[in-house]
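So the sequence lines, in the order shown, correspond to chains A and B. Take any residue in the first sequence, note its place counting from 1, add 113, and you have its number in this note's numbering. Take any residue in the second sequence, note its place counting from 1, add 1, and you have its number in this note's numbering. Please read the structure below before turning to the comments.
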Amino acid sequence: MKNKIGAISLFLIIHLSLLIGATAHAAPLGKRIVLENGMVLLLSERHTIPSVTINMLIKAGQVAEPSDKAGLAHITAGLLTEGTKKRSSSQIAEEIEFVGGGIGASGGDDTASVNLTVLKKDLDLGLDILSDILLNPAFPEAEIKRKVKETKAGIEKEKDDPSAIAGKEFARLLFGEHPYGRLTEGTPESLDKMTREDIVKFHAAYYAPNNAIMAVVGDVTEEEIVSRLNKYLGGWSQRELPKRILPVVKPPKHKIVKPMDKKITQANIVLGNIGLERENPDYYAAYVMNYILGGGGFTSRLMDNIRDTKGLAYDVHSYFSPMKYSGSFNIGVQTKNESAKTAIEEALKEVERIRKETVSDKELEDAKAYLTGSFPLKLDTNSKIAGMLAAFEFFNLGLDYPEKYPKIINSLTKDDVLKAAKKYLSPDNYILVVVGDIEKAGVKEIPAGVPKL
Amino acid sequence: MKKSILALLIFVSVSVSAFAAGWDGVKEHTLDNGLKVLLLEEHKAPVATFQIWYRVGSRNEKPGNTGMSHLLEHMMFKGAKKYGPKSFSQTVQKNGGNDNAFTSKDYTAYFETFSSDRIWLSLDIESDRMRGLLLDPKEFLSERDVVKEERRLNHEDDPESAMFEKMMEVSFLNHPYRIPTIGWMNDLTNMKVEDFKAYYDTYYIPNNATIVVVGDFDSEKMLPEIKKYFGGIPKGPEPPKMTVVEPEQKGERRLNLKKEAELPVVVAGYHVPDLEDEDSYPLAVLELILSGGKSSRLYKTLIYEKQIALYAGGDYSMVSTDPNMFYLYAGAMPGKPIDEVEKALYAEIDRFKVEPVAGKELTKAKNQIESSFIMGQDSNFNRAMLLGQYESVASWKLLDRYVDGIRKVTAEDVMKVAKRYFTEDNRTVGVLVPVKEEVKK
């Protein structure tokens with residue numbers, strides 16, 4: 114047995130040194146270029162497969178929409194591919210799909226994203242369509258009407274998904290008046306009031322090259338892509354961006370419990386609090402702490418306790434969801450209605466434990482080893498690289514992030530982990546949403562605004 | 002216009018040769034104990050994926066023991082001789098890797114993805130649990146509960162999934178494809194750990210498995226290591242052949258599932274051949290014309306023009322050990338009667354029988370298939386999945402023939418398979434009928 118381990122570690126040493134040798138000569142992940150029109154381009158040349166992947170972020174997410182127009186950012190992005198001044202919705206789909214490519218646009222919380230994937234030979238066609246949907250969307254009335262109808266039907270359909278219901282209610286209670294508390298796709302009421310003028314104005318205000326990040330990954334050289342972007346996006350002009358003041362997010366002052374009755378076999382539980390924004394320096398300690406608590410898949414404490422030892426759930430996890438201006442922390446678990454209370458109690462026990470006792474040396478070392486060692490797996494396809502490059506820019510992490518990241522993680526101590534747990538987890542003030550058979554689950558409501566006894 | 006299409010066609014054939022080269026690098030070996038090994042080097046990133054595929058799934062189960070293959074997959078993480086309970090994933094993760102497993106009707110597969118310097122660990126882990134599984138009775142009881150929670154989560158509380166489960170059960174009356182891979186709840190409740198030893202011994206043997214490694218490693222080093230770790234495991238008796246054949250369906254079958262849900266859904270399934278039949282190529286092309294993106298026929302008519310469906314599609318289960326199904330499905334828009342949606346689905350299928358598909362539509366479908374194969378080469382995991390799936394149900398060599406087969410498909414071929422398989426007598430129809438229970442305030 115010992116011999117075998119010896120053989121493996123020998124292998125590891127040999128291959129590790131090969132790997133280090135390879136990395137030292139490897140080109141950096143990408144290059145940052147600011148185009149003539151002010152747009153930031155991040156380029157990673159990868160010539161192994163004759164295709165190009167483009168991932169764009171435009172700072173036109175729900176944080177940019179007025180508070181009485183929930184869903185505006187989402188519908189504006191969704192309508193980009195539904196008709197331009199020279200192409201109808203069907204023509205856009207037909208042209209890109211004919212060559213086996215794909216284009217899509219969607220609106221999220223911080224940003225809208227536009228994605229394009231084409232074979233290299235179709236790059237000009239792809240960029241022509243991409244520039245057309247960004248610069249010249251027509252927002253036809255008929256398409257708006259159809260999109261509103263479709264979005265409303267989607268909202269109705271989502272009521273079949275208990276974990277989606279729980280997650281949305283959790284965000285609403287947690288973020289309140291902040292845009293993160295609104296539903297990305299809006300509500301049937303806000304959608305009914307949406308006008309073409311709202312959409313046209315939103316697009317004109319926020320879809321600008323100086324408000325956009327483009328990551329390009331694949332079989333293309335700097336010269337090829339820059340000249341084409343200057344051609345296809347040259348007419349896209351910079352403009353002054355509207356200033357928005359966002360409300361301050363405040364953590365709940367007391368426990369809020371929201372049971373939501375649905376005749377299903379499991380209770381879908383979401384429990385959590387305000388987390389932190391991505392650029393907060395505490396992010397890394399919180400991330401490591403969460404890995405040990407419930408982010409580390411099969412090896413986390415929540416998984417060990419609630420799934421492996423007690424057999425209460427198939428899925429139990431926790432995560433920080435760090436956004437640009439705030440973030441959330443939440444624990445999620447689904448268990449048969451009758452075990453809901455036990456699962457909640459056990460989750461809270463783990464929260465309490467990680468706030469009171471320092472984690473073990475082994476737990477910290479294992480967490481560091483995974484978080485640093487698995488980083489290359491986050492960069493093993495073109496679309497993963499494109500997503501990462503865009504995020505590096507959006508969150509000001511820098512293109513040298515792959516080198517900085519392991520150093521930051523490895524520098525963290527058990528005390529840093531404990532501090533993060535004490536600061537971001539609370540065993541008393543949290544929001545708990547339970548969707549399931551509430552009678553069987555036995556969960557009692559504690560409404561917002563009512564101080565605990 | 003015509004010129005540009007011609008130009009595109011020339012380009013496409015250039016790219017396709019790049020695709021064909023994609024499987025050229027596969028090195029195939031069979032160890033003396035019957036273990037099949039497929040190695041594909043890909044050095045573009047310092048990562049690799051290791052997968053081991055066993056030819057066992059719910060296809061090998063019988064009434065009363067449904068869900069056994071999947072529960073055994075769960076037990077494979079609960080300790081073997083060298084790696085005790087919990088230590089598989091712990092070992093993988095502290096080496097910066099990800100691991101998991103999945104079970105289907107035809108196969109059960111385990112995988113790890115690592116930085117390339119750690120991929121060797123997979124050999125130790127997978128050779129340990131191929132023959133050394135502990136099957137601890139206490140671990141079994143809690144894991145059985147975990148699987149019951151998985152069933153509640155993904156089947157009982159998900160109306161569409163519950164509907165699909167019923168569809169399989171009615172589409173196949175004899176063949177074990179009617180069994181849900183997760184197992185029926187009552188069978189799970191009654192399952193005992195003692196039942197698993199014989200099942201494990203029957204199917205977890207080298208001559209019923211395939212190892213697939215794709216990524217940044219050296220085959221000259223990998224193969225001897227695989228031999229070192231797995232070569233000493235004795236060959237087992239050939240697992241029993243599953244001989245059930247589903248008799249030809251003679252007449253439409255219908256079922257309604259009443260369940261708490263928001264919107265009605267209709268699914269129509271037709272018995273079709275699998276990838277070993279020449280008809281699989283035109284069926285794959287038909288699937289794309291029907292539902293490949295927003296320019297496809299179902300999207301254009303049901304969703305975009307008529308606005309009677311929130312979503313609609315076709316799904317051809319081609320990669321299958323025995324002949325499987327081609328499903329059409331659609332979810333109704335609020336207020337639209339589901340029988341109108343069902344008729345619209347048939348109208349689209351019937352068009353294929355009377356009207357040859359247009360040249361441009363046919364070319365588009367072929368372009369889509371070819372580009373998805375080229376782009377699919379970007380992911381080691383995806384390539385390993387394809388090799389493992391094809392080899393488990395038939396042979397990985399069919400992958401090489403696939404693009405050629407697709408390229409030869411004509412409009413007549415598509416019409417022929419539409420007429421042959423999409424008949425009323427060969428059809429099983431399921432409707433999800435939403436019911437609302439009174440919710441207490």
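Every residue, glycine too, gets a C-beta built ideally from N, C-alpha and C.
Return the CA-CA distance between residue i and residue j, expressed in angstroms with no decimal places.
i        : j        : result
A:Leu286 : A:Thr300 : 16 angstroms
A:Tyr319 : A:Lys172 : 7 angstroms
A:Ser439 : B:Pro435 : 39 angstroms
A:Ile127 : B:Trp121 : With a pLDDT of only 33 at A:Ile127, under the threshold of 50, the placement of this residue in the model should not be trusted; the figure read from the coordinates follows. Cα to Cα, the separation comes out at about 12 angstroms.
A:Ile551 : A:Asp311 : 41 angstroms
A:Asn386 : A:Ala398 : 17 angstroms
A:His138 : A:Ile338 : With a pLDDT of 40 at A:His138, under the threshold of 50, the modelled position of this residue cannot be trusted; read the value that follows with caution. Their backbone Cα atoms lie some 24 angstroms apart in a straight line.
B:Met164 : B:Ala269 : 11 angstroms
A:Glu465 : A:Ser539 : 8 angstroms
B:Phe423 : B:Tyr271 : 6 angstroms
A:Ile133 : B:Glu144 : With a pLDDT of only 35 at A:Ile133, under the threshold of 50, the placement of this residue in the model should not be trusted, and no figure is reported.
B:Arg421 : A:Arg259 : 37 angstroms
A:Met416 : A:Leu525 : 23 angstroms
B:Lys236 : B:Ile212 : 15 angstroms
Using CA atoms only, rank isn't needed, just tell me which of the options is closest to residue i.
i        : options                                : result
B:Gly431 : B:Ile350, B:Pro265, B:Arg298           : B:Pro265
A:Ala554 : A:Glu478, A:Lys449, A:Met402, A:Ser524 : A:Lys449
A:Asn249 : A:Ile278, A:Leu192, A:Glu298           : A:Leu192
B:Leu41  : B:Gly35, B:Pro47, B:Asp25              : B:Asp25
A:Thr471 : A:Phe442, A:Phe508, A:Pro519, A:Lys532 : A:Lys532
A:Pro394 : A:Lys265, A:Lys366, A:Ile522           : A:Ile522
A:Gly174 : A:Ser219, A:Ala456, A:Asn228           : A:Ser219
B:Arg130 : B:Tyr111, B:Val418, B:Glu62, B:Gly252  : B:Tyr111
A:Ile242 : A:Leu346, A:His316, A:Leu461           : A:Leu346
B:Asn34  : B:Ala333, B:Tyr328, B:Ala210, B:Glu341 : B:Ala210
B:Ala102 : B:Asp414, B:Gly389, B:Leu346           : B:Gly389
B:Glu362 : B:His156, B:Tyr230, B:Gly293, B:Ala199 : B:Gly293
B:Leu154 : B:Ile183, B:Gly133, B:Ser128           : B:Ile183
Please compile the residues from chain B whose C-beta is within a distance smaller than 9 angstroms of the C-beta of residue i.
i        : result
A:Leu492 : Ala46, Val48
A:Gln447 : Glu150, Arg153, Leu154, Asp158
A:Thr230 : Ser372, Met376
A:Gln379 : Glu150, Arg153, Leu154, Glu157, Asp158
A:Lys423 : Ser143, Asp146
In chain order, what residues of the same chain have a beta carbon less than 6 angstroms from the beta carbon of residue i, not counting five sequence neighbours either side?
i        : result
B:Val57  : Ser70, Thr109, Tyr204
A:Ala534 : Met402, Ile467, Arg468
A:Ala482 : none
B:Pro181 : Glu166
B:Tyr282 : Gly406, Ile407, Val410
For residue i, which residues in chain B fall below 8 angstroms Cβ to Cβ?
i        : result
A:Asn495 : Asp379
A:Asp474 : Those within 8 angstroms of A:Asp474 in chain B number zero; the least Cβ separation is about 13 angstroms.
Chain B partners of residue i, CB-CB under 7 angstroms?
i        : result
A:Leu304 : Those within 7 angstroms of A:Leu304 in chain B number zero; the least Cβ separation is about 13 angstroms.
A:Phe505 : Per Cβ cutoff of 7 angstroms: no residues; A:Phe505 is ~17 angstroms from chain B at best.
A:Asp395 : Those within 7 angstroms of A:Asp395 in chain B number zero; the least Cβ separation is about 23 angstroms.
A:Phe211 : Lys365, Asn368
A:Phe252 : Residues of chain B passing the Cβ test: none, with the nearest at roughly 17 angstroms.
Using the beta-carbon of each residue, which ones in chain A are nearer than 9 angstroms to residue i?
i        : result
B:Leu264 : Ala266, Glu269, Lys270, Asp273
B:Thr114 : Ser487, Leu490, Asp493
B:Gln308 : Arg259, Lys262, Glu263
B:Gly97  : Ala482, Tyr483, Leu484, Thr485, Gly486, Ser487, Phe488, Pro489, Leu490
Residues in the same chain with beta-carbon distance under 8 angstroms from residue i, minus the five sequence neighbours each way, listed in chain order, please.
i        : result
A:Asp513 : Pro141
A:Phe505 : Leu155, Gly511, Leu512, Tyr514
A:Ser350 : Asn150, Ala321, Pro322
Among the residues of its own chain, which have a CB less than 7 angstroms from the CB of residue i, if the five just before and after it don't count?
i        : result
B:Tyr391 : Val320, Trp397, Leu399, Leu400
What does residue i pair with, by DSSP beta-bridge criteria?
i        : result
A:Asn381 : A:Gln447, A:Val548
B:Leu134 : B:Ala81
B:Pro435 : B:Lys260
B:Glu42  : B:Gly216
A:Pro435 : A:Gly440
B:Glu151 : B:Glu151 is not bridged to any residue.
A:Thr308 : BP columns for A:Thr308 are empty, so no partner.
Give the residues of chain A in contact with residue i, contact being defined as C-beta atoms less than 8 angstroms apart.
i        : result
B:Ser296 : Ser203, Ala206, Glu207, Glu210, Phe211
So which residues of chain A does residue i contact, with C-beta pairs closer than 7 angstroms?
i        : result
B:Glu221 : Those do not exist, as B:Glu221 stays about 14 angstroms from chain A at its closest Cβ, beyond 7 angstroms.
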